[in-house]
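S.K.: Right, I'll just put the structure down here and ask away after.
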Amino acid sequence: MRVRGCGPVLAAQGADNCGCRLGSCDDCRMKLSRTERWILSNQLRILEGLNPKEAADLREQREALERGYEYMYPELCPHIYADKDCMPRAESDEVIEILSLFDTLRWSLEKAEDAGGLKAEDVRFWGFDGNSEGRQMAFCRYFCREGGGRFEHLERGDDFNSHFPALDGYRRMLAVWRAGGRKNPLPPDEVKAILAARRHPDA
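Just so we're aligned, residue 546 is where the sequence shown starts under our numbering, counting upward by one.
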């Protein structure tokens with residue numbers, strides 16, 4: 546079995562990472578009880594029988610589990626985020642609210658008889674910064690694509706990477722939207738007020 550590092554794996558998925566060998570630090574290390582290893586061992590035995598071409602690799606993984614070789618555990622699930630990289634509920638709710646806001650802005654512009662000079666580009670969703678807002682960017686991709694396409698109309702050609710920190714600006718926009726009662730659709734003057742809030746007051 547090949548040894549992988551958590552940095553490249555998690556970075557490719559848009560998550561933050563610690564840069565260690567996958568599972569070698571306290572934050573990423575996986576622990577499995579004897580019962581859990583027994584359950585997984587049985588599952589791997591079944592897979593060995595169902596996938597003859599992969600049986601040798603599956604047997605290696607099963608033996609590592611059965612013997613409790615913790616060093617090899619991360620190899621069994623490189624696609625599973627470490628606990629520290631999981632998306633907390635509060636952060637998830639915030640991303641959904643941000644996507645809902647931009648959905649409302651887009652819809653408001655479409656419904657307006659007089660857009661007051663606003664253009665589609667003005668209400669375009671910018672995404673999140675791939676360097677400092679990786680969790681938000683990955684979750685955003687999920688909800689705009691894999692997660693049933695709930696916000697598929699917010700699709701971006703650059704993989705939802707804003708290439709600049711966007712979260713603080715979104716939070717200011719949300720504050721204005723909430724203060725106005727989260728209307729949908731919004732009148733053009735309120736759309737403009739929300740968009741203006743993105744800019745930092747000291748800028």
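Even glycine gets a Cβ: it sits at the ideal position worked out from N, Cα and C.
Just so it is clear, the structure is predicted and the values come from calculations on it, not from any experiment.
In this structure, how does DSSP classify Phe647 when only helix, strand and coil are distinguished?
M.R.: One-based indexing of the sequence shown puts residue 647 at position 102. Of the three classes helix, strand and coil, the one that applies to Phe647 here is helix, per DSSP.
S.K.: Please specify which runs of the alpha helix (DSSP H), each continuous and at least 4 residues long, are wholly inside the region 560-638, giving them in chain order.
M.R.: Fully enclosed alpha helix (DSSP H) runs of 4 or longer: 579-595, 600-611 and 618-621.
S.K.: For the alpha helix (DSSP H) holding Arg716, just list the boundary residues, first then last.
M.R.: As a first step, residue 716 must be located in the sequence shown, where it is residue number 171. Start and end: Leu712 to Ala724.
S.K.: For the region 604-615 against the region 643-658, do three or more pairs of beta-carbon atoms, one drawn from each stretch, fall closer than 8 Å, so that the two count as touching?
M.R.: no
S.K.: When we look at the beta-carbon of Asn706 and count the other beta-carbons within 10 Å, is it buried (16 or more) or exposed?
M.R.: The residue given as residue 706 occupies position 161 in the sequence shown. In summary, Asn706 is buried, with 16 or more beta-carbon neighbours lying within 10 Å of its beta-carbon over all protein chains present.
S.K.: For Pro732 and Ser653, what's the separation of their Cα atoms in angstroms?
M.R.: Working through the sequence shown from its first residue, we reach residue 732 at position 187. Working through the sequence shown from its first residue, we reach residue 653 at position 108. Taking the straight line joining both Cα atoms gives about 7 Å.
S.K.: Which residue wins for smallest C-alpha separation from Val721, given the options Ala738, Leu712 and Phe709?
M.R.: To locate residue 721, count along the sequence shown from 1; it is residue 176. It is Ala738 whose Cα lies nearest to the Cα of Val721.
S.K.: Can you name the residues that DSSP bridges to Asn676?
M.R.: For this step, residue 676 is matched to residue 131 along the sequence shown. DSSP lists no partner for Asn676.
S.K.: Verify whether the separation of the beta carbon atoms of Asp704 and Gly672 is less than 9 Å.
M.R.: Residue mapping note: residue 704 aligns to position 159 of the sequence shown, counting from 1. Residue mapping note: residue 672 aligns to position 127 of the sequence shown, counting from 1. Contact: yes.
S.K.: So for Trp652, helix, strand or coil by DSSP?
M.R.: Taking the first residue of the sequence shown as position 1, residue 652 is located at position 107. Of the three classes helix, strand and coil, the one that applies to Trp652 here is helix, per DSSP.
S.K.: Does the structure place the region 634-644 close enough to the region 678-698 that three or more beta carbon pairs sit under 8 Å?
M.R.: yes
S.K.: Identify the residues that DSSP records as bridge partners of Asn706: which are they?
M.R.: Locating residue 706 in the sequence shown gives position 161, where the first residue counts as 1. In DSSP, Asn706 forms a bridge with Phe673.
S.K.: Helix, strand or coil for Ala741 per DSSP?
M.R.: Numbered from its first residue, the sequence shown carries residue 741 at position 196. In this structure, DSSP gives Ala741 a helical state, which the three-state scheme calls helix.
S.K.: Measuring CB to CB, does Arg582 end up less than 9 Å from Glu611?
M.R.: Position 37 of the sequence shown holds residue 582. Position 66 of the sequence shown holds residue 611. For Arg582 and Glu611, yes; Cβs fall inside 9 Å.
S.K.: Considering Cα atoms alone, identify which of His698, Arg690, Leu719 and Ser586 is closest to Ala665.
M.R.: By 1-based counting over the sequence shown, the position of residue 665 is 120. With distances taken between Cα atoms, Ala665 lies closest to His698.
S.K.: Taking the straight line between their C-alpha atoms, what separation do you get for Pro619 and Asp674?
M.R.: For this step, residue 619 is matched to residue 74 along the sequence shown. For this step, residue 674 is matched to residue 129 along the sequence shown. Roughly 28 Å separates the two Cα atoms.
S.K.: In angstroms with no decimal places, state the Cα-to-Cα distance between Arg566 and Met617.
M.R.: Residue mapping note: residue 566 aligns to position 21 of the sequence shown, counting from 1. Residue mapping note: residue 617 aligns to position 72 of the sequence shown, counting from 1. Below a pLDDT of 50, predicted positions are generally treated as unreliable, and Arg566, at 49, falls in that range; the measurement from the model is reported next regardless. Arg566 and Met617: Cα-Cα distance of roughly 11 Å.
S.K.: Below 6 Å CB to CB, which residues in the same chain sit around Ser586 once its five sequence neighbours on both sides are set aside?
M.R.: Sequence index remark: in the sequence shown, residue 586 carries index 41 (1-based). Arg607, Leu610 and Glu611, listed in sequence order.
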